[in-house]
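Residue numbers (my numbering): 51 to 249.
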């Protein structure tokens, strides 16, 4: 069994940049009911929720379907850097995906997770049994024994600019402090921000 350790229902925008930034809020999970002597890899991927593109209606303060989805970005899987774990280790600790980096750059060659703007996404956690003595990475989930965990409360919309003016007005002066103060004001979004040009 996998439990999500961080509840997303009240979280505001997650900021990610073209140059790749860490996902925030962080996905953190804990596991129960697993064999203590078994080795496991813990993976995360982010998949489209549907085949639609969205737009934000300011007058309604809500998301509306704007048409058919763009061609999907390449699907990548992020293996937690501390994997593989023993079942005993997983029972005693929370696995945090704080190092996951997101981008909207489809040409990314660094293994970051690529998203399309104005599309809805669902993070997924994969718990993969690893054979004894295996130290290699999981390259193809379909060839592994695994279980996938999905938490509907983690669905988000990837955007290229803040869609809620209350957040936008407060982020400019001090991103970190303002973000923490205003996360309860908006539903979860992912922000794909283009880097600013040097002035």
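The beta-carbon is built from N, C-alpha and C at its ideal position, and this holds for glycine as well. All figures in this text were calculated on a predicted structure; none of them were measured in a lab.
Three-state secondary structure assigned by DSSP to residue i
{"i": "residue 202", "result": "helix"}
{"i": "residue 251", "result": "No answer is possible for residue 251: it lies beyond the span of the chain, which begins at 51 and ends at 249."}
{"i": "residue 142", "result": "helix"}
{"i": "residue 151", "result": "strand"}
{"i": "residue 191", "result": "helix"}
{"i": "residue 117", "result": "strand"}
For residue j and residue i, believed in contact at Cβ under 8 Å, the rounded distance
{"i": "residue 149", "j": "residue 90", "result": "The pair is not a contact, with the Cβ atoms about 18 Å apart (cut-off 8 Å)."}
{"i": "residue 126", "j": "residue 163", "result": "5 Å"}
{"i": "residue 78", "j": "residue 146", "result": "5 Å"}
Nearest residue (CA-CA) to residue i, options the options
{"i": "residue 160", "options": "167, 166 and 151", "result": "151"}
{"i": "residue 155", "options": "167, 202 and 146", "result": "167"}
{"i": "residue 137", "options": "85, 204 and 200", "result": "85"}
{"i": "residue 118", "options": "200, 145 and 100", "result": "100"}
{"i": "residue 208", "options": "175, 78, 140 and 106", "result": "106"}
{"i": "residue 81", "options": "210, 206, 198 and 202", "result": "198"}
{"i": "residue 191", "options": "72, 182, 177 and 120", "result": "177"}
Residue environment, residue i, which counts as buried when at least 16 other CB atoms sit within 10 Å
{"i": "residue 92", "result": "buried"}
{"i": "residue 158", "result": "buried"}
{"i": "residue 171", "result": "buried"}
{"i": "residue 144", "result": "exposed"}
{"i": "residue 108", "result": "exposed"}
{"i": "residue 189", "result": "exposed"}
{"i": "residue 114", "result": "exposed"}
{"i": "residue 173", "result": "buried"}
{"i": "residue 200", "result": "exposed"}
Distance cut-off 6 Å: residue i Cβ against heavy atoms of the ligand FMN
{"i": "residue 148", "result": "The ligand content of the structure shown is nil, which means the ligand FMN is not present either."}
Does the stretch 112-128 touch the stretch 80-96, meaning 3 or more C-beta pairs lie closer than 8 Å? yes
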